[in-house]
Amino acid sequence: MLSKQNRLKKRKEFGYIYKNGEAFHSKSVTLYAIDSKFKTLKIGFSVSKKVGKAYLRNKIKRQLRSIIREELSKLQDHKNYILVAKTAIAELGYDEIRRDVLYVLGKVNKNHEPNN
RNA sequence: UUAGAUAAACAGAUGGUUGCGAGGGGUAACCCUUGAGGAAAGUCCGAGCAUCACAGAACAGGGUGCCAGUUAACGACUGGUGGAGGCGACUCCAAGGAGAGUGCAACAGAAAUAUACCGCAUAAGUCUUUGACUUGUGUAAGGGUGGAACAGGGUGGUAAGAGCACACUAGGUAGUAUGGUAACAUAUUACUUCUGUAAACCCCACUCGAUGCAAGAUAGAGGAGCGUUUUAACGUUGUUCGCUAGUUCCUCGUUACAUCGCUUGAGAUUGCUGGUGACAGCAAUACUAGAUAGAUAACCAUCUAAUACAGAACUCGGCUUAUGUUUAUUCUAACCUU
RNA sequence: GGCGGCGUAGCUUAGUUGGUUAUAGCGUUCGGUUCAUACCCGAAAGGUCGUAGGUUCGAAUCCCACCGCCGCUA
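The first sequence runs contiguously to residue 115 in numbering that gives the first Met the number 0.
What follows is the structure, given as structure tokens:
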């Protein structure tokens with residue numbers, strides 16, 4: 000359930016979230032989050048050239064997408080997210096990345112539950 | 001057995017659960033089909049395609065450079081020639097011109113493209129006279145330097161010497177003959193003895209307009225209402241009616257978004273024929289990614305040598321670089337055994 | 001996707017129309033000066049010239065192929 004509607008696409012949107020969103024870090028991954036006026040949540044993925052060559056970046060993006068798909072229930076509606084990979088992610092396996100992502104998601108939900 | 005040389009092949013397959021891009025079907029739920037590479041990479045060459053420029057010619061600038069062939073084209077490839085390396089199988093070579101001209105050749109050395117330091121020889125003079133020194137002349141055999149000193153060593157010749165002369169050898173240029181399509185090879189005649197560098201400028205031959213799909217083309221798309229007999233077209237025998245054009249409003253886009261370009265092609269696979277080969281011809285077969293924050297993942301089972309390098313972005317032909325495994329009645333050398 | 005530039009000592013750099021042993025400053029080390037430190041004075045070490053081939057008698061420099069970094073183009 001990660002169809003086109005749930006993805007961030009525009010460069011403008013990315014820029015806005017980087018500027019105004021709240022950031023949550025782990026060793027291999029950074030998650031930006033911000034409130035949105037639309038109901039459906041949107042999430043974007045970003046893997047920079049520093050991480051590795053093209054095939055590796057694609058693979059990491061797929062793995063991140065797969066993790067998010069499985070843990071979609073932990074994300075909230077009325078929100079936009081960006082998941083950014085750091086350089087350290089290149090040496091990690093699928094399970095380790097998954098652990099890191101879960102850790103970051105926990106952080107986000109802690110910060111936002113009281114406000115709502 | 002060891003060490004090489006050369007040439008190929010594969011780049012996983014099958015099944016299950018969840019999930020993504022594209023196409024098709026369906027009112028919908030959903031179902032079906034299909035979905036990265038040998039290098040997709042580097043962007044080093046060559047083309048198609050598109051836009052702009054352009055009467056023609058020349059100059060400037062860039063590229064290529066033995067010969068013949070292949071190709072749409074190429075700086076690619078194939079087969080030869082010559083050269084270099086290797087015991088050998090075999091491999092490598094930007095391989096035209098230095099006798100058109102210019103430049104450069106550090107240090108060393110007398111001298112670096114022309115010359116004379118030591119030396120050798122001789123004439124004159126001086127002196128402490130069977131010698132030494134000075135000046136002039138001749139010379140390049142010997143010495144030492146260097147990557148390179150107008151070919152090599154021998155005989156004659158000479159005051160001393162010198163291709164000065166002679167024979168032999170080694171080149172070079174021109175001609176002839178034979179073989180070869182040709183590069184060239186072999187033989188022979190005449191002349192001749194010439195430094196290297198053109199990946200220095202340059203000369204000669206051939207060749208090249210510029211920019212790249214972010215090129216470029218088309219301009220709205222969707223929804224709701226109004227208007228209807230006055231006009232046009234289609235459906236209907238005709239009317240009503242439907243639909244399009246018309247017109248109003250709203251939303252999206254105007255941050256170049258959307259649609260096209262965008263995948264059927266100098267193509268692929270298989271077979272046959274021609275050619276030493278690159279390759280060409282003929283026939284049959286199938287249609288096999290087309291995204292735009294950008295699609296192949298996660299988990300598991302079985303088999304296996306199945307691991308590595310690595311992800312299409314307009315499309316082809318090469319080159320270069322990265323990289324795992326397997327194979328061969330193939331070839332070479334050395335050693336051992338019979 | 002397309003295009004351009006750079007790489008020399010620990011750092012910043014000169015040399016890039018070929019020539020001997022590759023230049024300078026800062027820093028480092030050693031010595032001097034001072035009661036001591038700094039400033040100052042003197043000396044030394046430190047370079048596969050990004051990597052690997054080729055041309056040449058000789059290459060940081062010329063040619064070719066790679067590697068890394070930076071920038072431009074929306």
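Don't be surprised by glycine CBs; every beta carbon is placed ideally from N, CA and C.
Keep in mind the model is a prediction, meaning the values are calculated, not measured.
Nearest by alpha-carbon distance to D94: which of L74, K106 and S65 is it?
S65
Name the one or two DSSP bridge partners that V83 has.
T29 and S45
Is P113 helix, strand or coil when you go by DSSP?
Since pLDDT at P113 reaches only 44, below the 50 mark, its modelled position is unreliable, and no value is offered.
Just the Cα atoms here: how many angstroms apart are K60 and S45?
8 Å
Straight-line gap, N110 to A32 (C-alpha atoms, nearest Å)
11 Å
Give the DSSP-derived three-state secondary structure of E70 in the structure shown.
coil
For K60, which of helix, strand or coil comes out of DSSP?
helix
Can you tell me which of the three DSSP states K52 falls into?
coil
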